[in-house]
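In what follows, a single structure is set out as structure tokens and then discussed.
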Amino acid sequence: MESLQFTQGIVNAILLSGTLALVAIGFSIVWGILNIINLAHGAFLMVGAYITYWLFTLYGIDPFLSLPISMAIMFVVGYLVQRYLINMVIRAPLLVTFLLTFALEIVIINLATFFWKGDLRSVTPDYAGLGFSLGNVQVPYVRLAAFFISLILTGLLHVFMTYTKTGNAIRATGMDIDAARLQGVRIPQTYALTYALGTALAAGAGTLISISFPIDPTMGGAYTLRAFVICVLGGLGSIPGVMMGSVVFAFIEVFSGIWFPSLKDAIALLVLVLVLIVRPSGIAGKAFYH
Amino acid sequence: MSKRVLVLLVVLLVAAMALAACGGSQATPAPSGGEEQSTSGTTEEQASTEEACKVVFGAAVSLTGKYAKEGEYVKNGYELYVEEINKQDGIPVGDKKCMVELKIYDDESNADRSAQLVEKLITEDHVTFLLGPYGSGNTFATTAIAEKYKVPMVEANGAATKIFNRGFKYSFAVLSPAPNYLRGIIDMALDKDPNLKTVAIVIENGAFALEVAQGAKDYAEEKGLEVVYFDKYAKAAKDVSSLITAMKSKNPDIVLGAGHLQDTILVMKQSKDLGLSPKVFGFSVGPTSPEFRKALGKDADYVVGAAQWTPELKYKSDDIFGTPQHFTELYKAKYGEIPPYQAAESAAALIAYQKAIEAAGSLDKDKVRDALAALDYDSFYGKLKFNEQGMNVYKPMAVMQNYTDGGLYTVWPKEAAVKEFLYPFKPWDER
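If you're matching them up, the sequences are chains A and B in order.
Under our numbering, think of the first position of the first sequence as 56, with each following residue one higher.
Under our numbering, think of the first position of the second sequence as 1115, with each following residue one higher.
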């Protein structure tokens, strides 16, 4: 029966990698373009999850339908936060923005704990827990759907960045801010837009996570950390890099969870340390976004 | 970005996460002059007994956070007792009666916070006696504070034996200790089907659950079962699918979970996701609370849980509740649901105090402590008697099952069972 453990592990890892990619891509574009390590990323994810939870609990809105709502709300929030808060210190050294987003994270988590209490909550639509089996391997519908939605959102982002004028402006800003400015790119707006995109992606990931896992105000930290590791693994270079980093990380996490459950987090971080020592630019990375 | 900066950032990030994780939990301050404050508190208390006599019980209970639901049951149990005893003008102390008051703080399911608040209850609020928080971790922390200030604490929700292995004199537990929790389920399963061979145990990495699991493992092996899986998940785990997958590959006859309500719900949900269907699903904490049924609906069917107490047990007592059935009626009238055992044992802690205070004829902390140590009383909750360490090893555990009709019934021990144990667990794909 060991082979079942192995095949089910592979399925779990693939499904997990979709969600992780969505978490990490938002984190990655903010890091790559704005040069901000956005510690508040997980907090935005948590707020996205709560938006879904409340829409479901209070108004019975299906969690998948709440996806655009939570993304739209957090897009606006992200835009305002960047434009009127982070932008004030955008020229400061990396450590300053790092600390600012750390403070932001603590504020958001504490406000959430204050208003919503620290209880673990679950979004429980009727179809939660249903799935189909491939031989002995179980595939839950909810996670499969979350996986495909993550892929679609990632694909849309890739198309946006590659084929639209605004997307090109964002990438140009990441490559060479002065050249971009000379070409007429409005830097503050572009920065705010990028940050808003990252925040909306975090919220989208939060929505999808809330359908499969219990949520609480402190849930985000673990995802920020994973996004960071994935970005280092995959490099900040590209969307494919992040996808690859997510797959690698998901496999490490799932299989260390099967073989050494109590050391799961330690092993994941050990991998981060090893990558930093051996190949600090990531498996496929370059220093900016393109 | 240079390698050095990246490494620095990683260090900062990890430190930041660690800081955030302990947010709100500062180290317990040892207030200077705390002892003096406590003594003056005692004299004040004694002075006030001569005017309008009252006895104040203080507790830090989890009203938010991981143990919020269990904590609510604890608070309900305490409050129900206080309401009932005050209808009779309070606890008899010598030749007069003292009204009872409760002072409860929210410890946010955090052991450090719990200890801090208990210190505040002693030094600032000058409570007469202490009641326990919810959970072994928090109880472990708070009993140390009670011991430091020599204030008795009768606790009802910390079952780990390590709480009592420190030679403390002021801590007492009314509930059965952790290693006994899952034994009833193992006995019951083997009684039903002697052909069961294998057990898998998943464990929350915390004081209580580790002892529950070890106790269950030893007992299962003693009974000739093979333990094919025995592993831990992190205390704040939100995803145990890897453990479920590993267990499923071992195809165990019995799956036992050592943990608390939230983890139990998580294990059940993900077992359904991944199609883990053993013949018996049993847990230390969770299946016996109404919240379990609310969270899982029909998926709660067949699941059994260990119970310190059930509404159907046949105890008789001369305490204010009399029988488990009468306690159940009162609780239902006040809170609208069947009482979970956490509420009953919490009320029982106050019964233990009442009987000790009556025996001592005084509210003096040391006299009441001695009376508690000598207590031997049959309450609506079962026997209240403590061994030298302060543990109640005299009361048996029961087992309850979530029935297919939506009810929750005592199915073990046989003499108290109101329904037969439904066996085996109906596999997910046949539902």
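For every residue, glycine included, the Cβ atom is placed at its ideal position computed from N, Cα and C.
Going by Cα to Cα distance, which pick from the options is closest to residue i?
i: Asn-1309(B); options: Ala-1327(B), Tyr-1333(B), Leu-1339(B) and Asp-1332(B); result: Leu-1339(B)
i: Thr-1402(B); options: Tyr-1455(B), Ala-1229(B), Ile-1379(B) and Asn-1190(B); result: Tyr-1455(B)
i: Asp-1305(B); options: Gly-1272(B), Lys-1337(B), Asn-1279(B) and Glu-1451(B); result: Lys-1337(B)
i: Ala-1225(B); options: Thr-1237(B), Thr-1253(B), Asn-1190(B) and Lys-1234(B); result: Thr-1253(B)
i: Lys-1499(B); options: Ala-1470(B), Gly-1396(B), Lys-1331(B) and Ala-1420(B); result: Ala-1470(B)
i: Leu-1296(B); options: Met-1511(B), Gly-1320(B) and Ala-1462(B); result: Met-1511(B)
i: Val-1417(B); options: Leu-1489(B), Ser-1228(B), Ala-1461(B) and Thr-1524(B); result: Thr-1524(B)
i: Lys-1189(B); options: Asp-1415(B), Tyr-1263(B), Ala-1173(B) and Cys-1167(B); result: Ala-1173(B)
i: Leu-331(A); options: Thr-262(A), Gly-290(A), Val-297(A) and Ile-106(A); result: Gly-290(A)
i: Lys-1211(B); options: Gln-1202(B), Tyr-1219(B), Lys-1217(B) and Ile-1218(B); result: Gln-1202(B)
i: Leu-1546(B); options: Lys-1528(B), Asp-1332(B), Thr-1518(B) and Leu-1410(B); result: Only positions 1115 to 1545 of chain B appear in this structure, which leaves residue 1546(B) out of reach.
i: Thr-112(A); options: Ile-164(A), Gly-296(A) and Pro-180(A); result: Pro-180(A)
i: Tyr-108(A); options: Tyr-250(A), Ser-293(A), Ser-177(A) and Ile-164(A); result: Ser-177(A)
Straight-line CA distance for residue i to residue j?
i: Val-287(A); j: Ile-69(A); result: 20 Å
i: Pro-335(A); j: Asp-1345(B); result: 34 Å
i: Lys-1283(B); j: Gln-1503(B); result: 8 Å
i: Ala-1292(B); j: Phe-1322(B); result: 6 Å
i: Leu-318(A); j: Ser-311(A); result: 7 Å
i: Leu-166(A); j: Ala-95(A); result: 13 Å
i: Ile-65(A); j: Ala-1447(B); result: 51 Å
i: Tyr-1192(B); j: Ile-84(A); result: 53 Å
i: Arg-347(A); j: Asn-1279(B); result: Not covered by the structure: residue 347(A). The range shown for chain A is 56 to 345.
i: Leu-150(A); j: Tyr-134(A); result: 21 Å
i: Cys-1136(B); j: Gln-63(A); result: Here Cys-1136(B) scores only 44 on pLDDT, less than 50, and its place in the model is too uncertain to base an answer on.
i: Gly-103(A); j: Lys-1540(B); result: 36 Å
i: Ile-1379(B); j: Pro-195(A); result: 17 Å
i: Lys-1479(B); j: Ala-1270(B); result: 19 Å
i: Pro-1143(B); j: Gln-1230(B); result: With a pLDDT of only 40 at Pro-1143(B), under the threshold of 50, the placement of this residue in the model should not be trusted; the figure read from the coordinates follows. Near 7 Å, if we compare the C-alpha coordinates of Gln-1230(B) and Pro-1143(B).
i: Glu-1184(B); j: Ala-1420(B); result: 15 Å
i: Leu-1177(B); j: Asp-174(A); result: 9 Å
i: Thr-1359(B); j: Gln-193(A); result: 10 Å
i: Ala-227(A); j: Phe-304(A); result: 29 Å
i: Val-1170(B); j: Glu-1215(B); result: 5 Å
i: Trp-86(A); j: Asn-191(A); result: 41 Å
i: Pro-1145(B); j: Tyr-1263(B); result: With a pLDDT of 40 at Pro-1145(B), under the threshold of 50, the predicted position of this residue should be treated as unreliable, though the coordinate-derived value follows. Whole-angstrom Cα-Cα distance: 12 Å.
i: Gly-1373(B); j: Arg-1483(B); result: 31 Å
i: Ile-1452(B); j: Leu-325(A); result: 48 Å
Is it right to say residue i is buried, meaning 16 or more other beta carbons lie within 10 angstroms of its own, or is it exposed?
i: Tyr-139(A); result: exposed
i: Phe-283(A); result: buried
i: Ser-58(A); result: exposed
i: Asp-1543(B); result: exposed
i: Phe-203(A); result: exposed
i: Pro-148(A); result: exposed
i: Val-315(A); result: According to the sequence shown, residue 315(A) is Phe rather than Val. Exposed is the call here.
i: Thr-1153(B); result: In this prediction, Thr-1153(B) has a pLDDT of 41, which is less than 50 and means its spatial position is unreliable; what the coordinates show is noted afterwards. With fewer than 16 other Cβ atoms within 10 Å, it is exposed.
i: Gly-1179(B); result: buried
i: Val-1232(B); result: buried
i: Ala-1485(B); result: buried
i: Lys-1386(B); result: buried
i: Ala-1141(B); result: Confidence at Ala-1141(B) is low in this model, with a pLDDT of 38, below 50, so the placement of that residue is unreliable and no value is reported for it.
i: Asp-1220(B); result: buried
i: Ile-207(A); result: exposed
At a cut-off of 7 Å, would you count residue i as near the ligand ADP, judging by its Cβ distance to the nearest heavy atom?
i: Tyr-139(A); result: The model on display carries no ligand, and the ligand ADP is accordingly not part of it.
The region 1253-1260 of chain B / the region 1290-1303 of chain B touching (three or more Cβ pairs under 8 Å) | Too few Cβ pairs lie closer than 8 Å, so no.
Contact list for the region 1168-1179 of chain B against chain A, Cβ threshold 8 Å | Taking 8 Å as the Cβ-Cβ cut-off against chain A, the residues of the region 1168-1179 of chain B that qualify are Thr-1178 and Gly-1179.
At least three beta-carbon pairs within less than 8 Å, the region 1476-1495 of chain B to the region 1429-1449 of chain B | Proximity of the region 1476-1495 of chain B to the region 1429-1449 of chain B meets the contact definition, three or more beta-carbon pairs being nearer than 8 Å.
On the three-pair Cβ rule with 8 Å, is the region 71-80 of chain A touching the region 227-237 of chain A?
-> Because the criterion of three Cβ pairs below 8 Å is not met, the region 71-80 of chain A and the region 227-237 of chain A do not touch.
Quick check: the region 87-103 of chain A against the region 155-166 of chain A, are there 3 or more CB pairs under 8 Å?
-> In short, these stretches touch, since the Cβ pair count reaches three.
Short-range partners of chain A found in the region 1368-1389 of chain B, where Cβ spacing is below 7 Å | Sequence-ordered contacts of the region 1368-1389 of chain B with chain A read Gln-1376, Leu-1380, Lys-1383, Lys-1386, Asp-1387, Leu-1388 and Gly-1389 [C-beta pairs closer than 7 Å].
Taking a cut of 7 Å between CB atoms, which residues from the region 61-87 of chain A lie near chain B?
-> Within the region 61-87 of chain A, the qualifying residues are Gln-63, Gly-64 and Asn-67.
Cβ pair count under 8 Å reaching 3, the region 1420-1435 of chain B against the region 215-234 of chain A = Taking a cut-off of 8 Å for Cβ pairs, the region 1420-1435 of chain B and the region 215-234 of chain A do not touch, as fewer than three such pairs fall below it.
Could you name the residues of the region 159-188 of chain A whose beta carbon sits closer than 8 Å to any beta carbon of chain B, in the order they occur along the chain?
-> Sequence-ordered contacts of the region 159-188 of chain A with chain B read Glu-160, Ile-161, Ile-164, Asn-165, Thr-168, Lys-172, Gly-173, Asp-174, Leu-175, Ser-177, Thr-179, Ala-183, Gly-184, Gly-186 and Ser-188 [C-beta pairs closer than 8 Å].
At a cut of 8 Å, does the region 1231-1240 of chain B reach the region 1458-1468 of chain B through at least three beta carbon pairs?
-> No: the two stretches stay apart, fewer than three of their Cβ pairs being nearer than 8 Å.
Against chain A: residues of the region 1352-1366 of chain B by CB proximity under 7 Å = Those would be Lys-1352, Asp-1353, Ser-1355, Ser-1356, Leu-1357, Thr-1359, Ala-1360, Lys-1362, Ser-1363, Lys-1364 and Asn-1365, in chain order.
Using a Cβ-Cβ cut-off of less than 7 Å, list which residues of the region 297-315 of chain A approach chain B; keep chain order.
-> When CB distances to chain B are screened at a threshold of 7 Å, the residues of the region 297-315 of chain A falling below it are Val-309, Gly-312 and Ile-313, in chain order.
Listed in chain order, which residues of the region 1210-1230 of chain B have Cβ atoms closer than 8 Å to some Cβ of chain A?
-> Flagged, chain order: Glu-1222 and Ser-1223.
Using a beta-carbon distance cut-off of less than 9 Å, what residues from the region 1444-1465 of chain B approach chain A?
-> Contacts with chain A (Cβ-Cβ distance below 9 Å) from the region 1444-1465 of chain B involve no residue at all.
With 7 Å as the limit, tell me which residues of the region 127-150 of chain A have their beta carbon closer than that to any beta carbon of chain B; keep them in chain order.
-> Contact annotation: in the region 127-150 of chain A, no residue has its CB less than 7 Å from a CB in chain B.
Taking a cut of 7 Å between CB atoms, which residues from the region 249-276 of chain A lie near chain B?
-> Those would be Phe-268, Pro-269, Met-274 and Gly-276, in chain order.
What residues in the region 190-216 of chain A bring their beta carbon closer than 7 Å to a beta carbon of chain B?
-> Hits within the stretch, in order: Gln-193 and Pro-195.
When Cβ atoms are compared, which residues of the region 98-132 of chain A fall closer than 9 Å to chain B?
-> Within the region 98-132 of chain A, no residue places its CB atom closer than 9 Å to a CB of chain B.
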